[in-house]
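Protein chains in written order, with the working numbering: chain S, 2 to 514; chain X, 195 to 453.
Beta carbons: idealized from backbone N, C-alpha and C, even for Gly.
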């Protein structure tokens, strides 16, 4: 099991590492290219020093994930660009500060000697100040390198593939092998880059040809391997980008879509672990071609509707609205619903005689509710609270993957469960009924971007998903990941086979991108 | 060679003067020592000669040209300068330090190399053992020799020296002083040297210019300032070396027993 799991993960490495390296190197080189001249300017024009260093410090104090997430609305894009800009900002402070410190730290008598011997200010900079400041500057670049390699793992949620894909999806699917591989790869990359720069520094300081060649060869190797790793994923016009929100079912479905597209001879690329709204915006902007969303989510969060028509009505209205407002095409409902529901451990439900949310309302003031990061700010929560006059003693937010265990272990009394999650059965939880119908239905729907909807071969490849996955099958596929520890790609193959969509010729290979 | 005319320098818009209305001429091949206590303005005056400091008033001619009207970079490359703290570049080898100005002047690499070896020999260093060392691998005396070699590299006719022997132990200082005096005479260098060491001034100078609180109080040959000081301050300054000489002499006469 562990060996197979590791092999599963390692097959993803070239793609993740290639993207991670590209992002890191481009951000770092740009950081150096921007910061060195800026730092030099700042040492020449003293009044600039304080504002420039302060701005860089402030950028640094913003948590990495927040800085990355901020870039999405600011730039109106997902993927490489916002990740690049955020990492560039992140790399600036150590390079700037060390360069300024290094240059200002050159002893005044040495500067006077340079001037007295007749060096121009430019010659003084290049022959005296920069060489003497070099060790401090390089130390700054090394710090920036380690930071950027580490922070680049956070670019996964904004739609840029990185080693963070391992970590984010691994945490969601409780796949410790994936998390471990991601962390180890990022750490190894940081160490290798750091040591290469050090080697380069030693080579220059000690004027050692051997070390120089070694550092040069190492850097060249990394640049070449980045290029080679990028070739298979180089953007062709026909690559289909499949999006996924950060939870197991989404990973499995995205894999299934990608595998199906691959079978049809298309090239598919997954953008996993993206926030709900980021993903929808990316779809309308055409940065993502397709993904699976839920009718209730779009109804409440995108359309901002509070009324609740019957399930089929809601689906029809949503379809028309998406087409009309965003030219987004709903290719079909997959067949299952993944509803939000309030779940309690069965023994607690029996002891307190809880069957519906109405029953729960009486006990709520003594109870703690746990939910995912989004739930308490979503309109569904407001509707639920108002309909049943729910007033809990305490609200806590969890990573979705940890929420179920929190309920089982009694850390919280109630959780906002997803009804197709395999752990509801596994952990012996009971989902309470919603007699007042405060929560909308969440039919899983396959949505296509305007551009994707115009591609006949793409539409025909994905058409087969219409109405073929029932609740039980989806729950079984989710359980394979969450409880049995399979990779989403494997669970996706199971899912395709179970619904009769896998083609025997290529079914075994799947898609690993 | 150098002509200082009514030169003043203020660092605070005229509230006080570091150098005040100094007139001084230095002839070709002359060894002039600027003598005075710390803070008397002698270093400021020296730095105005190659425009490390700009005069507030008056003018300075070097080889008949007003220093304020020539490119300071060109001016400085033509004048040797030995700094108070030596100021060798720590990231460069001895050879690279010495070759700084020839390189700035775009000499051929082979010419630079030959000149480095020649200068190292001239200043009493062995090119083979010292050429590729870094400044931190040298003794204080050796560093000062490299500083001299660097100042002499582009064959300047004028040397400005700011307490060049100040940080050396007495033995090393004595040796270097004598070697430099000989070098100055051989190369017929015009030298302006700043010191607060009266004995050094007396032993090296052709002429001594004494400064006090920014003002030039008098000039004269070592013999003149010792025997006929033109100003009471000069007499007072010369009291110390005179007394020391007398004591040394009496020790010599008494056969080493006196005090």
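Here residue 350(X) has 272, 273, 274 as same chain residues with Cβ atoms under 7 Å from its own Cβ, once five neighbours each way along the sequence are excluded. The beta carbon of residue 365(S) is closer than 7 Å to those of 391, 392, 393 in its chain, skipping five residues each way along the sequence. Below the 8 Å Cβ cutoff, chain X contributes no neighbours of residue 192(S), its closest Cβ being approximately 28 Å away. Note on the region 263–323 of chain X: whole alpha helix (DSSP H) runs with a minimum of 4 residues are 266–271, 288–292, 294–298, 303–316, in chain order.
DSSP places residue 428(S) outside both helix and strand once states are collapsed to three, so it counts as coil. For residue 427(X), no Cβ of chain S is located within less than 8 Å of the residue's own Cβ. For residue 202(S), not one C-beta of chain X is nearer than 8 Å to its own C-beta.
Of the residues 406(X), 419(X), 333(X), 377(X), the one whose Cα lies closest to the Cα of residue 393(X) is 419(X).
Closest in C-alpha terms to residue 197(X), from the list 224(X), 233(X), 235(X), 391(X), comes 224(X). In this structure, DSSP gives residue 374(S) a state outside helix and strand, which the three-state scheme calls coil. The Cβ-Cβ distance between residue 10(S) and residue 182(S) falls below 8 Å. Distance from the CA atom of residue 320(S) to the CA atom of residue 447(S), rounded to whole angstroms, is 11 Å. Counting only the Cα atoms, residue 250(X) lies some 14 Å from residue 260(X).
Looking at the DSSP output, residue 292(S) shares a beta bridge with 448(S). Residue contact check for residue 77(S) against chain X: no CB pair falls below 8 Å.
Taking every protein chain shown into account, the CB of residue 352(X) has 16 or more other CB atoms within 10 angstroms, so this residue is buried. Distance from residue 482(S) to residue 162(S) at the Cβ level is roughly 20 Å; contact not present, criterion being Cβ atoms closer than 8 Å. Under the Cβ criterion of 8 Å, residue 279(X) is counted among the residues facing chain S. Taking C-alpha positions only, residue 424(X) is separated from residue 412(X) by approximately 6 Å.
Secondary structure of residue 412(S) (DSSP, three-state): coil. One thing to note: residue 358(S) has its Cβ within 8 Å of the Cβ of residue 435(S). Rounded to the nearest whole angstrom, the C-alpha separation of residue 366(X) and residue 195(X) is 31 Å.
The Cβ atoms of residue 150(S) and residue 92(S) do not sit closer than 8 Å to each other.
At a beta-carbon threshold of 8 Å, none of the residues of chain S lie near residue 337(X); the nearest stands roughly 12 Å away. Within the region 138–152 of chain S, contact with chain X at the beta-carbon level (separation under 8 Å) is assigned to no residue. For residue 116(S), the closest Cβ of chain X is nearer than 8 Å. A Cβ of chain X is located within less than 8 Å of the beta carbon of residue 121(S).
As for any alpha helix (DSSP H) of minimum length 4 sitting wholly inside the region 11–51 of chain S, the runs are 14–45, ordered along the chain.
Between residue 254(S) and residue 330(S), the C-beta spacing is not below 8 Å. Taken in chain order, the unbroken stretches of beta strand (DSSP E) that lie wholly in the region 205–256 of chain S and span 3 residues or more are 240–244. Among the CB atoms of chain S, none fall inside 8 Å of the CB of residue 309(X). At the C-beta level, residue 216(X) and residue 201(X) come within 8 Å of one another. Restricted to the region 366–448 of chain X, the alpha helix (DSSP H) segments that are unbroken, complete and at least 4 residues in length are 392–398, 416–421, 426–447, listed in chain order.
Residues of chain X with a Cβ closer than 8 Å to the Cβ of residue 229(S) do not exist; the shortest Cβ-Cβ separation is about 38 Å. Residue 445(X) sits exposed, since fewer than 16 C-beta atoms from the chains shown fall within 10 Å of its C-beta. At a cut-off of 8 Å between C-beta atoms, residue 283(X) counts as an interface residue with respect to chain S.
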